[in-house]
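**Q**
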Amino acid sequence: MMAPAAAELGVRLRVLVEEPGSAAAQVITDAPVGAASDEAAIRALIAPDDGRDPAAVLTFEHEHVPNALLTDLIEHGTPVRPGPHALVQAQDKIVMRERLEALGVPCPRWRALPSGPGAGEAGGPAALAEFLATVGGAAVVKTSRGGYDGKGVRLVTSPDQVADWFAAAAAGAPALLVEEKVPFTRELAALVARRPSGEVRAWPVVESVQREGVCSEVIAPAPGISPELAHRAQEIAVTVAEGLDVTGVLAVEMFEVPGPDGEPTVLVNELAMRPHNSGHWTIDGAVTSQFEQHLRAVLDLPLGATDPIAPWTVMVNVLGSAFTELTDALPAVLSEFPEARVNLYGKGVRPGRKLGHVNVSGSDLDEVRSRAATAAALLRGEPLPGAALEGASVPPGATRPGGAGQSERASAGLRRPDGPSGRLTETEEVVA
Numbered sequence: 001m002m003a004p005a006a007a008e009l010g011v012r013l014r015v016l017v018e019e020p021g022s023a024a025a026q027v028i029t030d031a032p033v034g035a036a037s038d039e040a041a042i043r044a045l046i047a048p049d050d051g052r053d054p055a056a057v058l059t060f061e062h063e064h065v066p067n068a069l070l071t072d073l074i075e076h077g078t079p080v081r082p083g084p085h086a087l088v089q090a091q092d093k094i095v096m097r098e099r100l101e102a103l104g105v106p107c108p109r110w111r112a113l114p115s116g117p118g119a120g121e122a123g124g125p126a127a128l129a130e131f132l133a134t135v136g137g138a139a140v141v142k143t144s145r146g147g148y149d150g151k152g153v154r155l156v157t158s159p160d161q162v163a164d165w166f167a168a169a170a171a172g173a174p175a176l177l178v179e180e181k182v183p184f185t186r187e188l189a190a191l192v193a194r195r196p197s198g199e200v201r202a203w204p205v206v207e208s209v210q211r212e213g214v215c216s217e218v219i220a221p222a223p224g225i226s227p228e229l230a231h232r233a234q235e236i237a238v239t240v241a242e243g244l245d246v247t248g249v250l251a252v253e254m255f256e257v258p259g260p261d262g263e264p265t266v267l268v269n270e271l272a273m274r275p276h277n278s279g280h281w282t283i284d285g286a287v288t289s290q291f292e293q294h295l296r297a298v299l300d301l302p303l304g305a306t307d308p309i310a311p312w313t314v315m316v317n318v319l320g321s322a323f324t325e326l327t328d329a330l331p332a333v334l335s336e337f338p339e340a341r342v343n344l345y346g347k348g349v350r351p352g353r354k355l356g357h358v359n360v361s362g363s364d365l366d367e368v369r370s371r372a373a374t375a376a377a378l379l380r381g382e383p384l385p386g387a388a389l390e391g392a393s394v395p396p397g398a399t400r401p402g403g404a405g406q407s408e409r410a411s412a413g414l415r416r417p418d419g420p421s422g423r424l425t426e427t428e429e430v431v432a
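With the UniProt record's numbering, the residue at position 82 of the sequence shown is 82, and numbering never jumps.
1. Please return the same chain residues whose Cβ sits closer than 7 Å to the Cβ of residue 287, not counting the five positions on each side in sequence.
2. Can you give me the start and stop residues for the beta strand (DSSP E) that residue 208 sits inside?
3. For residue 364 and residue 380, what's the separation of their Cα atoms in angstroms?
4. Give the single residue among 82, 16 and 24 whose Cα lies nearest to the Cα of residue 294.
5. For residue 190, write down the residues that DSSP places opposite it in a beta bridge.
6. By the three-class DSSP mapping on this structure, what secondary structure does residue 237 have?
7. Could you tell me the alpha carbon to alpha carbon distance between residue 86 and residue 246, rounded to whole angstroms?
8. Evaluate residue 171 with the Cβ neighbour count: other Cβ atoms within 10 Å of its Cβ, from every protein chain shown; 16 or more gives buried, anything less gives exposed.
9. Going by DSSP in three states, residue 60 sits in which element: helix, strand or coil?
10. Whole angstroms are fine: how far does the CA of residue 158 sit from the CA of residue 129?
11. From 252, 131, 335 and 198, pick the residue whose C-alpha is nearest to that of residue 205; which is it?
12. Considering only residues of the stretch 21-84, which uninterrupted alpha helix (DSSP H) runs meet the minimum length of 4 residues and lie entirely inside it, listed in chain order?
13. Let's test the definition: count the other Cβ atoms within 10 Å of the Cβ of residue 392 and tell me whether it reaches 16, buried, or not, exposed.
14. Who are the near neighbours of residue 161 in its chain, counting only those whose CB is closer than 7 Å to its CB and skipping five residues on each side?
15. Is it right to say residue 52 is buried, meaning 16 or more other beta carbons lie within 10 angstroms of its own, or is it exposed?
16. Inspect the CB distances between the stretch 313-330 and the stretch 351-367 and report whether three or more fall short of 8 Å.
17. Which value, in whole angstroms, describes the spacing of the CA atoms of residue 404 and residue 34?
18. Classify residue 22: buried if its beta carbon has 16 or more other beta carbons within 10 angstroms, exposed otherwise.
19. So, helix, strand or coil for residue 275, using DSSP?
20. Flag this pair as yes or no: are the beta carbons of residue 17 and residue 25 separated by less than 8 Å?
21. What are the start and end residues of the alpha helix (DSSP H) that includes residue 281?
22. Would you decide whether residue 93 is buried or exposed? Buried here means 16 or more other CB atoms lie within 10 Å of its CB.
23. Determine the direct distance from the alpha carbon of residue 298 to that of residue 67, and round the result to whole angstroms.
24. Could you compute how far the alpha carbon of residue 202 sits from the alpha carbon of residue 234?
25. Could you tell me how far apart the beta carbons of residue 237 and residue 190 are, in whole angstroms, since I believe they sit closer than 8 Å?
26. On the three-state DSSP scale, how would you describe residue 1?
27. Using C-beta distances below 6 Å, list every residue in its chain close to residue 453, excluding the 5 sequence neighbours before and after it, in chain order.
28. Buried or exposed: residue 284, going by 16 or more other Cβ atoms within 10 Å of its Cβ?
29. Between which two residues does the alpha helix (DSSP H) holding residue 155 run?
30. Quick one: grab the DSSP three-state call for residue 15.
31. Note the first and the last residue of the continuous beta strand (DSSP E) segment covering residue 179.
32. Drop a sphere of 10 angstroms on the beta-carbon of residue 260, count the other beta-carbons inside from all chains shown, and report buried for 16 or more, exposed for fewer.
33. Rounded C-beta distance between residue 226 and residue 175? I'm assuming under 8 Å.
34. With a cut-off of 8 Å on the beta carbons, I'd call residue 356 and residue 368 a contact; round off their distance for me.
35. Report the residue from 40, 37, 62 and 312 whose alpha carbon sits nearest the alpha carbon of residue 274.
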């Protein structure tokens with residue numbers, strides 16, 4: 001989704017994709033194929049041997065990149081933003097927790113769970129049993145690396161429930177940590193951007209609604225949040241960005257919890273040093289989107305305004321679909337919801353996969369939420385209340401792509417894939 005923002009700024013992108021035809025390659029023509037762990041591919045991405053200009057900066061849309069290589073690239077003159085010294089906090093949850101504690105950032109109680117020959121009697125299972133006894137008998141065990149969207153996370157009441165993870169960690173898999181089970185009121189996210197010169201800007205704090213460990217909806221701004229709590233959440237995000245020397249967009253996921261005085265406060269859950277799902281609402285709901293802001297930040301350009309452009313913007317993810325091609329649903333969606341902004345990622349359909357999202361803005365929160373949710377449901381192949389889908393397609397009266405009225409409806413809310421600001425894609429790539 002960085003491609004449209006780059007086109008508007010006149011920035012040329014070269015992106016490393018894992019396979020031809022991937023989401024990013026559909027909108028960025030300069031898209032060599034290679035793994036994010038492939039040193040030769042990343043070096044060729046930065047400095048092609050065919051006479052093209054070397055990259056001005058290397059940035060990312062995921063954290064799964066080798067830090068040793070990034071350090072070497074910096075030593076040989078390539079700006080890498082965010083740098084490996086910051087990125088490791090988003091790669092390794094144990095490193096993150098240690099650093100956040102050092103910065104005085106409020107976090108859940110936690111403990112590393114050592115495994116392997118050097119762990120001794122105080123190793124993983126014993127340490128977990130002791131921790132469980134101190135937090136009321138239930139806690140959350142996480143893999144320190146690689147987990148996302150509910151993966152690599154288990155709620156446990158006994159060390160036996162993660163015996164397989166301990167065995168894997170002892171054999172060389174990522175280490176484990178345990179955190180207290182937080183009795184949170186809701187989940188929030190504070191999104192900020194920071195450039196090398198030190199300028200920082202923050203968007204409004206949002207509420208993130210999770211279902212089965214996956215973000216399903218984001219409400220901007222977070223309903224009912226007090227100015228004091230919103231300021232506190234943004235202040236924490238800025239502290240993290242500055243303390244870790246982050247360049248680019250930083251998403252700080254938080255739990256809202258009752259404080260000792262009964263007033264709500266926050267605990268930091270996780271970090272993401274890249275444009276994040278909790279910020280997709282900014283594409284249509286803020287003066288400057290997180291994608292444009294990320295480019296501005298890594299290029300050390302002045303940052304854009306982060307003000308919302310409507311009282312409320314709601315983003316709903318499209319998680320899986322009954323359609324083989326989501327474009328089959330567009331006539332119905334855009335006919336029924338002409339104000340909806342539909343963003344499809346160009347990914348193959350499979351159950352639970354993030355295939356796109358819908359943004360709806362307005363002044364009535366209940367109506368905005370309802371319309372965004374229903375539009376996303378149509379994209380998943382679910383009928384409108386009281387309407388029947390024709391096969392796995394669209395409600396009666398709507399036309400399929402290619403039928404009458406398609407272009408008119410598409411222009412109402414779809415970013416079309418026929419120009420430099422074509423189909424928005426959710427990429428997990430390395431971008432130079």
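Note that CB positions come from ideal geometry on N, CA and C, so glycine has one too.
Computed from a predicted model, the values in this text were never measured in an experiment.
**A** Result, derived from the coordinates:
1. Within the sequence shown, numbered from 1, the residue matching residue 287 stands at position 287. So the list reads 304, 305, 306, 307 and 309, once near-sequence residues are dropped.
2. As a position in the sequence shown, residue 208 is number 208, starting the count at 1. Start and end: 206-211.
3. Within the sequence shown, numbered from 1, the residue matching residue 364 stands at position 364. Within the sequence shown, numbered from 1, the residue matching residue 380 stands at position 380. The alpha-carbon atoms of residue 364 and residue 380 are separated by roughly 24 Å.
4. Start at 1 with the first residue of the sequence shown, and residue 294 comes out as number 294. Of 82, 16 and 24, the residue nearest in Cα terms is 82.
5. Here residue 190 corresponds to residue number 190 of the sequence shown, with the count starting at 1. For residue 190, which the question treats as bridged, DSSP gives the partners 252.
6. Here residue 237 refers to the residue found at position 237 of the sequence shown. Helix at residue 237.
7. Looking up residue 86 in the sequence shown gives position 86. Looking up residue 246 in the sequence shown gives position 246. When rounded, the distance between both Cα atoms is 6 Å.
8. Numbered from 1 along the sequence shown, position 171 holds the residue referred to as residue 171. Classification for residue 171: exposed.
9. As a working note, residue 60 is residue 60 in the sequence shown. If DSSP states are grouped into helix, strand and coil, residue 60 belongs with the strands.
10. As a first step, residue 129 must be located in the sequence shown, where it is residue number 129. As a first step, residue 158 must be located in the sequence shown, where it is residue number 158. One C-alpha to the other measures close to 7 Å.
11. Within the sequence shown, the letter at position 205 stands for residue 205. Taking only the C-alpha atoms, the option nearest residue 205 is 252.
12. Scanning the stretch 21-84 for uninterrupted alpha helix (DSSP H) segments of 4 residues or longer gives 39-46 and 67-75, listed from N- to C-terminal end.
13. Indexing the sequence shown from 1 puts residue 392 at position 392. Any answer about residue 392 is weak, because its pLDDT of 30 lies below 50 and its placement is not dependable; what the coordinates show is given next. It is exposed - the Cβ of residue 392 has fewer than 16 other Cβ atoms within 10 Å.
14. Working through the sequence shown from its first residue, we reach residue 161 at position 161. Same-chain partners within the cutoff: 154.
15. Locating residue 52 in the sequence shown gives position 52, where the first residue counts as 1. It is exposed - the Cβ of residue 52 has fewer than 16 other Cβ atoms within 10 Å.
16. yes
17. For the purposes of this step, residue 404 is taken as residue 404 along the sequence shown, with counting starting at 1. For the purposes of this step, residue 34 is taken as residue 34 along the sequence shown, with counting starting at 1. Low confidence applies to residue 404: its pLDDT is 31, below 50, so where it sits in the model is not reliable, and the reading given next is rough at best. Approximately 42 Å between the Cα atoms of the pair.
18. In the sequence shown, counting from the first residue as 1, residue 22 sits at position 22. Residue 22 is buried by the Cβ-count criterion.
19. In the sequence shown, the residue the question calls residue 275 occupies position 275. Correct three-state label for residue 275: coil.
20. Reading the sequence shown from its first residue, position 17 is the one you call residue 17. Reading the sequence shown from its first residue, position 25 is the one you call residue 25. Contact: yes.
21. Residue 281 sits at position 281 when you count from the first residue of the sequence shown. That residue, residue 281, is in no alpha helix (DSSP H); it is neither H nor E in DSSP.
22. Residue 93 sits at position 93 when you count from the first residue of the sequence shown. Buried: at least 16 other Cβ atoms inside 10 Å.
23. On the sequence shown, position 67 is the one that residue 67 refers to. On the sequence shown, position 298 is the one that residue 298 refers to. Looking at the two C-alpha atoms, the distance is approximately 18 Å.
24. In the sequence shown, residue 202 corresponds to position 202, counting from 1. In the sequence shown, residue 234 corresponds to position 234, counting from 1. Cα to Cα, residue 202 sits roughly 7 Å from residue 234.
25. One-based indexing of the sequence shown puts residue 237 at position 237. One-based indexing of the sequence shown puts residue 190 at position 190. Going by Cβ atoms, the distance from residue 237 to residue 190 rounds to 4 Å, so yes, they are a contact pair.
26. Working through the sequence shown from its first residue, we reach residue 1 at position 1. In the structure shown, residue 1 sits in coil (DSSP, three-state: anything other than H, G, I, E or B).
27. With the chain running from 1 to 432 in the structure shown, residue 453 is simply not present.
28. As a working mapping, residue 284 is identified with position 284 in the sequence shown. Label assigned to residue 284: buried.
29. Against the sequence shown, residue 155 aligns to sequence position 155. No alpha helix (DSSP H) contains residue 155, which is instead part of the beta strand (DSSP E) from 153-156.
30. As a working note, residue 15 is residue 15 in the sequence shown. In this structure, residue 15 counts as strand in the three-state DSSP scheme.
31. Mapped onto the sequence shown, residue 179 falls at position 179. Taken as a continuous stretch (DSSP letters only), the beta strand (DSSP E) holding residue 179 covers 176-180.
32. Start at 1 with the first residue of the sequence shown, and residue 260 comes out as number 260. Classification for residue 260: exposed.
33. One-based indexing of the sequence shown puts residue 226 at position 226. One-based indexing of the sequence shown puts residue 175 at position 175. That pair is no contact at about 38 Å.
34. For the purposes of this step, residue 356 is identified with residue 356 of the sequence shown, where counting begins at 1. For the purposes of this step, residue 368 is identified with residue 368 of the sequence shown, where counting begins at 1. Not a contact, Cβ separation roughly 18 Å.
35. Numbered from 1 along the sequence shown, position 274 holds the residue referred to as residue 274. Comparing Cα-Cα distances from residue 274 to each of 40, 37, 62 and 312, the minimum goes to 62.
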